[in-house]
Structures are given as structure tokens and as C-alpha cells.
Amino acid sequence: MQITMDLAAEAAAGARHGLAAGEAGRPERADWTIDQGWERYTAQEHAVWKTLYERQMKLLPGRACDEFVQGMRALPIGADRIPDFRRLSEVLMRRTGWQVVAVPGLVPDEVFFEHLAHRRFPAGHFIRQPQELDYLQEPDVFHDVFGHVPMLMNPAIADYIQAYGEGGLRAQRLGRLTNLARVYWYTVEFGLLRQREGLRLYGAGIASSYTESVFALDSASPNRLRFDLERVMRTRYRIDDFQESYFVIDDLDQLLELSRIDFAPLYARLDQAPELEPGDVLPGDTVLHRGDGTYHAGRAKGALK
Numbered sequence: 071m072q073i074t075m076d077l078a079a080e081a082a083a084g085a086r087h088g089l090a091a092g093e094a095g096r097p098e099r100a101d102w103t104i105d106q107g108w109e110r111y112t113a114q115e116h117a118v119w120k121t122l123y124e125r126q127m128k129l130l131p132g133r134a135c136d137e138f139v140q141g142m143r144a145l146p147i148g149a150d151r152i153p154d155f156r157r158l159s160e161v162l163m164r165r166t167g168w169q170v171v172a173v174p175g176l177v178p179d180e181v182f183f184e185h186l187a188h189r190r191f192p193a194g195h196f197i198r199q200p201q202e203l204d205y206l207q208e209p210d211v212f213h214d215v216f217g218h219v220p221m222l223m224n225p226a227i228a229d230y231i232q233a234y235g236e237g238g239l240r241a242q243r244l245g246r247l248t249n250l251a252r253v254y255w256y257t258v259e260f261g262l263l264r265q266r267e268g269l270r271l272y273g274a275g276i277a278s279s280y281t282e283s284v285f286a287l288d289s290a291s292p293n294r295l296r297f298d299l300e301r302v303m304r305t306r307y308r309i310d311d312f313q314e315s316y317f318v319i320d321d322l323d324q325l326l327e328l329s330r331i332d333f334a335p336l337y338a339r340l341d342q343a344p345e346l347e348p349g350d351v352l353p354g355d356t357v358l359h360r361g362d363g364t365y366h367a368g369r370a371k372g373a374l375k
């Protein structure tokens, strides 16, 4: 059904969004798009955006890659209001041919890939509650817009994510989504980039997280490894905590090379290779920083008490 409930009341009721809400979260349109309902955001919801925006903008200088900073400057994204997807799309269309479409939350895989393959970025229309500033199970408008949209202003990323959408549709037919999802996770969501000044973040999951923006670059705990496609496709990841390993590319054009690879032989080789745990370091890895694992070891020890 079409989502028409007041956004604040929906959140206060503890509702899940989109696919996570089951049939109650399914909108009328087959492509799962909805109207953003920008005029219905409350003052409290805009205030949550302002808090998140201002603290990230203070933190990210010297941490976010140049392309993220440039994209943010060129877009109608500011502190005082949740961005209007229509205005974002006008700027994106002129620059890279992308647009932002509102969805109620998580969408089915095939819907997600179909949107990306046609240069439509599906963004959740809801925003987290004030008590959820540092952790949210579902991606909201802050994660999707603040984290992802600035990078879509970059032509290399714009082409890469479209190619990922096309590859996702193929991987779904081949039953290889698990392997391909790891590529998206360790690049678009949690990727690091080497620039002249040092390591910088470009992944949306880091850029939109106050705590992980620090952990990913400053902590001695995680591994920072040079990106290798086949290695990444074998590596599990964490969905409920900081990453144990981050993979580092040399430049964004490196991602474009991935879109030109025939994945079919790669998938066949993966059948003969063991799965890897998030914190594994292999003899063949190019290790930029070998983590000491203290953070996750401490978490595991605490869980046993």
C-alpha cells in the first residue's frame, strides 16, 4: 500500500520500513517508489537532520575524499532542511544523468538493481529518531542522501554504480548475489581511497556515521588492505558493528575497471575457494595496516560475560 502515515507518528510507533515491514511496507507502485512527501516533514525531523549534518560536516574535513567534498558543495544539501529529492535530481541529472527516487525503506534486490541500472538511486524517505543518532538498523534519508548522493556527482562512481545494478541483475539470475553484494559493501558502503594526503573515505556507510568515520581511519583495530576483487568477493562482512577490515583503492577509476570484467569465470573460481572471515589476513594480501583486533576482541569478550 502507499505509505501515507505521518512520518513522525510512524517512527514513534516503532514501525519498520519498506521490505523490513513485510506486506505493510509494500507501496502501491511495482517499482516501490513513493512520493517523498517533503512538505510533511516535521520541525523535529528537520532538527535531527541538522544535528547529523552539522556534526558530520565538522568531522569530515581531512577524512572524506576530495570527490565527496566536491559533490557536497555542488548539491542543494544544507543543514537546516532535509533535502528535497526533486532539487537533488535536477542537479544530478545535469551532471551525471542520475536522479534520486523516494522509497519507503529497504526494497527487494531486483527492484534495487533495476533502479541502479537505470541511474535511479532509491533513497529512504524517513529519518531516524533523536535517540538513534549513532546507530540505525535500516538506511534512512541521512544515510542515503548525505552518504551516497555526493559521490553520484562523480562520473566514475556514477558509471560504476549503474554497472553494479546491471551486474546485480545478472548475478541474481546466476544465484551469485552473496558474492556481488560484498563488492558493493566494501566499496560503495565502506570503501577507503588513497589520496596524496593519505587515506580518505568514500563509502557512504562511513561518511554518514560519526563513530565509524573515526574508527575506519584512526583506530589501530581494523585491517586496511589493498582492494582485490576476488578476495573481496570471498570475504564476509559485519552488518551490526564496525568493519574488521577495510579495502583500499588507489583511485575511483579503479572501480570503473570492475565494470568491464566478465564475472562468470570469476564466479566459477569462487566455487573452489573458501569463504573468508571479516578479520582474516592472507599471505597474499597487500597490507597497508595490520589491525591489532582489539576492538572486536573486546566486544567478543564482553559478550561472553
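First residue of the sequence shown: 71, per our numbering; consecutive thereafter. Glycine included, every Cβ here is placed at the ideal spot set by N, Cα and C. Values in this document were obtained by computation on a predicted structure and should not be read as measured data.
Under 6 Å Cβ to Cβ from residue i, same chain only, skipping five residues before and after it: list those, please.
i    : result
Y256 : V302, F317
A233 : S329
I231 : L186
L263 : C135, R270, Y272, I319
F285 : F312
H366 : E314
Apart from the five residues on each side of it in sequence, which residues of its chain come closer than 8 Å, Cβ to Cβ, to residue i?
i    : result
L299 : V253, L328, I331, L336
M61  : Because the chain here runs from 71 to 375, residue 61 falls outside it and cannot be looked at.
R306 : R252, E345, L346, E347, P348
Cutting at 7 Å between CB atoms, please list the residues of its own chain near residue i, excluding the five before and the five after it.
i    : result
Q72  : A caution first: Q72 carries a pLDDT of 27, below 50, which makes its placement in the model unreliable, though a value can still be read off. P97, E98, I104, listed in sequence order.
G237 : L250, F333
L244 : Y337
Tell me, to the nearest whole angstrom, how far the beta carbon of residue i is from that of residue j; I am working on the premise that it is less than 8 Å.
i    : j    : result
I152 : E115 : 7 Å
E314 : N293 : 7 Å
L247 : D179 : 6 Å
M223 : G273 : Not a contact, Cβ separation roughly 16 Å.
G354 : S291 : Their Cβ separation, rounded to whole angstroms, is 22 Å, which puts G354 and S291 out of contact at 8 Å.
V219 : L176 : With 8 Å as the limit, V219 and L176 do not qualify as a contact, their Cβ atoms being about 18 Å apart.
L295 : V357 : 6 Å
A226 : D323 : 5 Å
R304 : L340 : 6 Å
E184 : L239 : 7 Å
At what residues does the alpha helix (DSSP H) containing residue i begin and finish?
i    : result
I319 : Per DSSP, I319 belongs to no alpha helix (DSSP H); it is in the beta strand (DSSP E), 315 to 319.
R164 : 155 to 165
Q201 : No alpha helix (DSSP H) contains Q201, which DSSP labels as neither H nor E.
R339 : 333 to 340
L287 : 280 to 288
V219 : From DSSP, V219 is part of no alpha helix (DSSP H); its letter is neither H nor E.
Q324 : 323 to 328
N249 : 247 to 254
State the DSSP-derived secondary structure class of residue i, mapped to helix, strand or coil.
i    : result
A241 : helix
P192 : strand
L346 : strand
G132 : coil
Q207 : coil
P177 : It is worth fixing the name first, because residue 177 is Val in this sequence and not Pro. DSSP places V177 in coil when its eight states are reduced to three.
Q265 : strand
V302 : helix
L145 : coil
Y365 : helix
V351 : coil
D101 : coil
G95  : helix
R151 : coil
G107 : coil
E115 : helix
I276 : helix
F260 : coil
D310 : coil
What are the boundary residues of the beta strand (DSSP E) that includes residue i?
i    : result
G268 : 268 to 271
A384 : Residue 384 is absent from the structure shown; the chain starts at 71 and stops at 375.
R86  : Counting along the chain, R86 falls outside any beta strand (DSSP E), and DSSP gives it neither H nor E.
R294 : 293 to 296
S357 : The residue you asked about is not Ser; residue 357 is Val in the sequence shown. Unbroken beta strand (DSSP E) run through V357: 357 to 359.
Does the ligand SAM have even one heavy atom less than 7 Å from the beta-carbon of residue i?
i    : result
T121 : In the structure on display, the ligand SAM does not appear, and there are no ligands present to speak of.
Under 8 Å, Cβ to Cβ, is there at least one residue of chain B near residue i?
i    : result
F191 : Of the protein chains in the structure, only one exists, and it is not chain B.
Validate contact between the stretch 264 to 278 and the stretch 210 to 217 using beta carbons, cut 8 Å, 3 pairs: Of all C-beta pairs linking the stretch 264 to 278 to the stretch 210 to 217, three or more are shorter than 8 Å, placing the two stretches in contact.
Touching by the beta-carbon criterion (3+ pairs, under 8 Å), the stretch 198 to 206 and the stretch 118 to 126: Taking 8 Å as the limit for Cβ pairs, the verdict is that the stretch 118 to 126 does touch the stretch 198 to 206.
At least three beta-carbon pairs within less than 8 Å, the stretch 191 to 199 to the stretch 133 to 150: A contact between stretches requires three or more CB pairs, one per stretch, nearer than 8 Å, and the stretch 191 to 199 fails this requirement with the stretch 133 to 150.
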